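So the structure is just underneath, and the comments pick up after that.
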Amino acid sequence: MRHILSLTALALTSLASAGTLRVAATPVPAGELLEFVKPILAKQGVKLEIREFSDYVQPNVALGEGSVDANLFQHAPYLNAFQQNRPLGIVPVKKIYLPPLGLYSKRVGKVTELKKGATIAIPNDPSNEARALLLLEKAGLIRLRAGAGANATPKDIVSNVRGLKFRELEAAQLPRSLQDVDAAIVNANYALDIGLNPTKDALFHEGKSSPYVNILATTKANLNNPDLKKLAAALTSPEARAWLLKKYGGSVIPAF
């Protein structure tokens, strides 16, 4: 039995260091950043295989099931909320960048131009919904119950003088909703995907003090994968920092 277990452990170790690293990511900016570091890793003997997803659920499911080795698309509050219902043993590896959440509109040019009764689309997943409501509070549009914080929902709104209405949608649907609502809060990766720059096009957006930094994540069993450590180092290298700042003009903020 000991001999069989030793062979199994040896096989798993060989698999972990086989030189191919599979990473799930949303296309922008995560996918583009991974494409940038791909040749850097290749020089170190690591073949980076990028698998792109358009939603915020499947990248974690794929990681939990073992069809990928890591993912890059989410912040820690989202990961924590996700695993309350679906514990998959996913853990943070390193903070990579902040894609600022922004309030966008095709109907008005300023926050103050939003009329009474205006409809605002917000993300429907718990962590990003709370994040959106905190942004609206910071913009002076609503006031939340004291202490609501990262667990805030529309039920925690104690002041809404404009009588704003909220439409809860999956994050990936928010850019398309801009045609149908007065404004929408859109995650930066989806905003950039349709040509919107958070720092230039948003009516209001998060600042550098935001706690919602996107992380490289993996499973507990894969934390010691040497190829994963090489990826983390490449993603937080001076070259990656310079590329992020140049590519996105400050609309994606390096967290290292």
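Taking the numbering used here, I'd label the letters of the sequence shown as residues 47 to 302. Ideal Cβ positions, reconstructed from N, Cα and C, are used throughout, including at glycine. Just so we're clear, the structure is a prediction, and the values are computed from it rather than from any experiment.
Contacting residues, own chain, Cβ-Cβ under 6 Å from residue i (five flanking each side not counted)
{"i": "R287", "result": "P300"}
{"i": "A164", "result": "L210, D228"}
{"i": "V74", "result": "N235, L238, D239"}
{"i": "G91", "result": "G65"}
{"i": "P221", "result": "V232, Y236, I240"}
{"i": "F302", "result": "T282"}
Residue i - partner residues in DSSP beta bridges
{"i": "P169", "result": "L215"}
{"i": "I86", "result": "In the DSSP output, where bridge partners are listed per residue, I86 has none listed."}
{"i": "Q120", "result": "I261"}
{"i": "G155", "result": "None; G155 has no bridge partner."}
{"i": "V137", "result": "T264"}
For residue i, three-class secondary structure by DSSP
{"i": "G77", "result": "helix"}
{"i": "V92", "result": "coil"}
{"i": "T66", "result": "strand"}
{"i": "E183", "result": "helix"}
{"i": "R208", "result": "coil"}
{"i": "E285", "result": "helix"}
{"i": "R191", "result": "coil"}
{"i": "L249", "result": "coil"}
{"i": "A234", "result": "helix"}
{"i": "P146", "result": "coil"}
{"i": "A108", "result": "helix"}
Own chain partners of residue i with C-beta closer than 8 Å, once the 5 adjacent residues on each side are dropped
{"i": "I190", "result": "Note that residue 190 is Leu in the sequence shown, not Ile. Same-chain partners within the cutoff: L179, L180, E183, A198, D202, I203, V204."}
{"i": "K152", "result": "L224, Q225"}
{"i": "V157", "result": "L149, A185, G186, L187, L249, F250"}
Integer-rounded CB distance, given that residue j should sit under 8 Å from residue i
{"i": "A278", "j": "V139", "result": "5 Å"}
The ligand SAH heavy atom lying under 7 Å from the CB of residue i
{"i": "F128", "result": "This structure lacks the ligand SAH, and indeed carries no ligand of any kind."}
Quiz prompt | Segment contact, 8 Å Cβ cut-off, at least three pairs: the segment 204 to 216 with the segment 256 to 274 | solution = No, the segment 204 to 216 does not touch the segment 256 to 274.
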